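Down below is the structure, laid out as structure tokens.
Numbering (my numbering), first residue to last: 213 to 529.
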């Protein structure tokens with residue numbers, strides 16, 4: 213396994229806060245070992261880091277130092293392990309999982325197995341900003357607030373949780389804020405607060421899961437993973453019900469309970485975000501985007517796009 217010291221990797225993953233909004237981008241590679249990128253946004257109260265890589269061999273990063281922060285980690289693709297000072301056990305993260313960790317002057321070692329596609333988004337919060345959010349959450353979160361104020365390391369969930377539909381949607385909107393440039397900074401800060409609250413509410417999702425047969429929960433997560441890849445395919449509730457061994461009632465009601473969206477509402481959100489990416493790329497027309505995302509007419513596509521994003525696709529040109 214190839215090894216690097218943390219200081220060698222710091223220019224890619226260094227967590228910084230700034231008095232103004234600043235975007236950053238960096239790439240790194242070692243021939244025949246790995247290629248990676250780090251896209252960041254830093255502000256006074258938080259930082260956003262999107263890190264992606266292809267590992268042709270296993271990589272270990274040793275003794276990487278970081279600033280004190282609250283980390284909300286969303287694993288988009290691939291898997292990795294981290295040993296972080298202040299925590300007794302190694303933290304493993306797999307595709308589709310999230311967790312929240314309070315990291316106090318952390319010194320970390322990371323292990324990335326050989327894999328073609330690795331990617332995560334990490335929201336780093338200043339402790340004071342996180343505490344302000346907790347203060348709005350009522351007595352239920354007083355214990356967490358005291359741990360944070362006393363600068364103690366902690367993890368929100370003993371076992372990583374599955375990223376919800378609502379969290380995924382909020383992450384998508386952070387990537388492409390649907391507001392005028394003059395509103396962008398305020399919108400992003402609001403969305404970060406929303407993501408933090410959605411993460412804290414994971415205990416509520418546990419109660420929802422408890423009301424659904426565990427075998428059906430597993431099938432519904434499998435369905436969601438399938439839809440996240442095949443959302444451009446033709447599909448029906450009947451075919452999905454057959455493929456995932458759930459009757460249509462369990463499929464519809466269970467999906468809505470677990471993920472906060474109907475099956476086709478979730479598919480629609482994926483298609484609309486894909487359409488936005490295509491149009492912003494500037495290489496296709498609105499009509500072509502409509503056809504790719506399954507609309508029979510430009511007019512119906514434009515209506516759906518405007519209803520979802522709040523503006524016409526033509527304004528993206």
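The beta-carbon is built from N, C-alpha and C at its ideal position, and this holds for glycine as well.
As the structure is a prediction and not an experimental result, all values here were calculated from the model.
Worksheet item: Roughly how far, in whole angstroms, is the beta-carbon of residue 373 from the beta-carbon of residue 310, given that I think they are within contact range, below 8 Å?
Response: Within the chain shown, residue 373 is the residue found at index 161, counting from 1. Within the chain shown, residue 310 is the residue found at index 98, counting from 1. So it is a contact: roughly 6 Å between Cβ atoms.
Worksheet item: Taking Cβ positions, are residue 345 and residue 409 nearer each other than 8 Å?
Response: As a working note, residue 345 is residue 133 in the chain shown. As a working note, residue 409 is residue 197 in the chain shown. Yes, they are a contact pair.
Worksheet item: At what residues does the alpha helix (DSSP H) containing residue 400 begin and finish?
Response: Working through the chain shown from its first residue, we reach residue 400 at position 188. Start and end: 393 to 412.
Worksheet item: Buried or exposed: which applies to residue 441, given that a residue is buried once 16 or more other Cβ atoms fall within 10 Å of its Cβ?
Response: Working through the chain shown from its first residue, we reach residue 441 at position 229. Under this definition residue 441 is an exposed residue.
Worksheet item: Is the distance from the Cβ of residue 332 to the Cβ of residue 269 below 8 Å?
Response: Position 120 of the chain shown, counted from the first residue, corresponds to residue 332. Position 57 of the chain shown, counted from the first residue, corresponds to residue 269. Against a cut-off of 8 Å, the Cβ pair of residue 269 and residue 332 comes out as no contact.
Item to complete: Could you name the residues that DSSP lists as bridge partners for residue 335?
Response: Reading the chain shown from its first residue, position 123 is the one you call residue 335. Bridge partners of residue 335: 260, 284.
Worksheet item: Looking at the structure shown, is residue 296 part of a helix, part of a strand, or coil, going by DSSP?
Response: Residue 296 sits at position 84 when you count from the first residue of the chain shown. If DSSP states are grouped into helix, strand and coil, residue 296 belongs with the strands.
Item to complete: Give me the Cα-Cα distance between residue 350 and residue 412, rounded to the nearest whole angstrom.
Response: The sequence position of residue 350 within the chain shown is 138, counting from 1. The sequence position of residue 412 within the chain shown is 200, counting from 1. For residue 350 and residue 412, the distance between alpha carbons rounds to 12 Å.
Discussion item. Output needed for residue 424: all residues of its chain with C-beta closer than 8 Å, excluding positions within five of it in sequence on either side, in chain order.
Written reply: Position 212 of the chain shown, counting from 1, holds the residue named residue 424. Contacts found: 432, 466, 469, 470.
Item to complete: Kindly indicate the opening and closing residues of the beta strand (DSSP E) around residue 213.
Response: Translated into the one-based positions of the chain shown, residue 213 becomes position 1. Counting along the chain, residue 213 falls outside any beta strand (DSSP E), and DSSP gives it neither H nor E.
Worksheet entry | Backbone secondary structure at residue 416 - three-state DSSP | Here residue 416 refers to the residue found at position 204 when the chain shown is read from its first residue. At residue 416 the pLDDT is 49, less than 50, meaning the model places this residue with poor confidence; the figure from the coordinates comes in the next sentence. Residue state, collapsed to three classes: helix.
Discussion item. How far does the beta strand (DSSP E) with residue 272 in it extend, from its first residue to its last?
Written reply: To locate residue 272, count along the chain shown from 1; it is residue 60. Unbroken beta strand (DSSP E) run through residue 272: 271 to 277.
Discussion item. Report the CB separation of residue 286 from residue 375 in whole angstroms; it is logged as a contact under 8 Å.
Written reply: For the purposes of this step, residue 286 is identified with residue 74 of the chain shown, where counting begins at 1. For the purposes of this step, residue 375 is identified with residue 163 of the chain shown, where counting begins at 1. Indeed they touch by this definition, with Cβ atoms about 6 Å apart.
Worksheet item: For the beta strand (DSSP E) that contains residue 235, what are its first and last residues?
Response: For the purposes of this step, residue 235 is taken as the residue at position 23 of the chain shown. Taken as a continuous stretch (DSSP letters only), the beta strand (DSSP E) holding residue 235 covers 234 to 242.
Worksheet entry | Euclidean distance between Cα positions of residue 415 and residue 369 | Numbered from its first residue, the chain shown carries residue 415 at position 203. Numbered from its first residue, the chain shown carries residue 369 at position 157. Any reading at residue 415 must be qualified, since the residue scores a pLDDT of 49, below 50, and its modelled position is unreliable; no value is offered.
Item to complete: With DSSP collapsed to three states, give me the class of residue 447.
Response: Taking the chain shown and counting its residues from 1, one reaches residue 447 at position 235. Coil, per DSSP.
Fill in: Residues bridged to residue 510 (per DSSP)
Your numbering for residue 510 matches position 298 in the chain shown. DSSP output for residue 510 lists no bridge partner at all.
Worksheet item: To which residues of the same chain is residue 347 closer than 8 Å at the C-beta, ignoring the five residues directly before and after it?
Response: Within the chain shown, residue 347 is the residue found at index 135, counting from 1. Excluding residues within five positions, the ones whose Cβ falls inside 8 Å are 357.
Item to complete: Give me the Cα-Cα distance between residue 513 and residue 218, rounded to the nearest whole angstrom.
Response: Counting from one through the chain shown, the residue named residue 513 turns up at place 301. Counting from one through the chain shown, the residue named residue 218 turns up at place 6. Rounded to whole angstroms, residue 513 to residue 218 spans 48 Å at the Cα level.
Practice prompt. Determine the DSSP secondary structure at residue 502, reduced to helix, strand or coil.
Written response: Here the question's residue 502 lines up with position 290 in the chain shown. Residue state, collapsed to three classes: helix.
Worksheet item: Between the beta-carbon of residue 452 and the beta-carbon of residue 479, is there less than 8 Å?
Response: For the purposes of this step, residue 452 is identified with residue 240 of the chain shown, where counting begins at 1. For the purposes of this step, residue 479 is identified with residue 267 of the chain shown, where counting begins at 1. No, they are not a contact pair.
Worksheet item: So which of 305, 483, 342 has the shortest CA-CA distance to residue 507?
Response: Sequence index remark: in the chain shown, residue 507 carries index 295 (1-based). The option with the nearest alpha carbon to residue 507 is 483.
Worksheet item: In whole angstroms, what separates the C-alpha of residue 476 from that of residue 405?
Response: Position 264 of the chain shown, counted from the first residue, corresponds to residue 476. Position 193 of the chain shown, counted from the first residue, corresponds to residue 405. Going from the Cα of residue 476 to the Cα of residue 405 covers about 27 Å.
Worksheet item: Just curious, the beta strand (DSSP E) that residue 247 is in, first and last residue?
Response: Stepping through the chain shown from its first residue, residue 247 is reached at position 35. Per DSSP, residue 247 belongs to the beta strand (DSSP E) from 246 to 254.
Fill in: Proximity winner among 307, 339, 323, relative to residue 314 (alpha-carbon distances)
Locating residue 314 in the chain shown gives position 102, where the first residue counts as 1. Of 307, 339, 323, the residue nearest in Cα terms is 339.
Worksheet item: For residue 263 and chain C, any beta-carbon pair shorter than 8 Å?
Response: Among the chains in the structure shown there is no chain C, since it carries only a single protein chain.
Worksheet item: Based on Cα-Cα distance, which residue from 352, 403, 461, 295 lies nearest to residue 530?
Response: What is shown of the chain runs 213 to 529, which leaves residue 530 out entirely.
Worksheet entry | Sheet register partners of residue 312 (DSSP bridge) | Your numbering for residue 312 matches position 100 in the chain shown. Paired residue(s): 284.
Worksheet item: Are there 16 or more other CB atoms within 10 angstroms of the CB of residue 395, so buried, or fewer, so exposed?
Response: Counting from one through the chain shown, the residue named residue 395 turns up at place 183. The residue is exposed, with fewer than 16 neighbouring Cβ atoms inside 10 Å.
Discussion item. For residue 249, which residues in the same chain have their Cβ closer than 6 Å to its Cβ, ignoring the five residues on either side in sequence?
Written reply: The count along the chain shown starts at 1 and reaches residue 249 at position 37. These residues qualify, in order along the chain: 239, 264.
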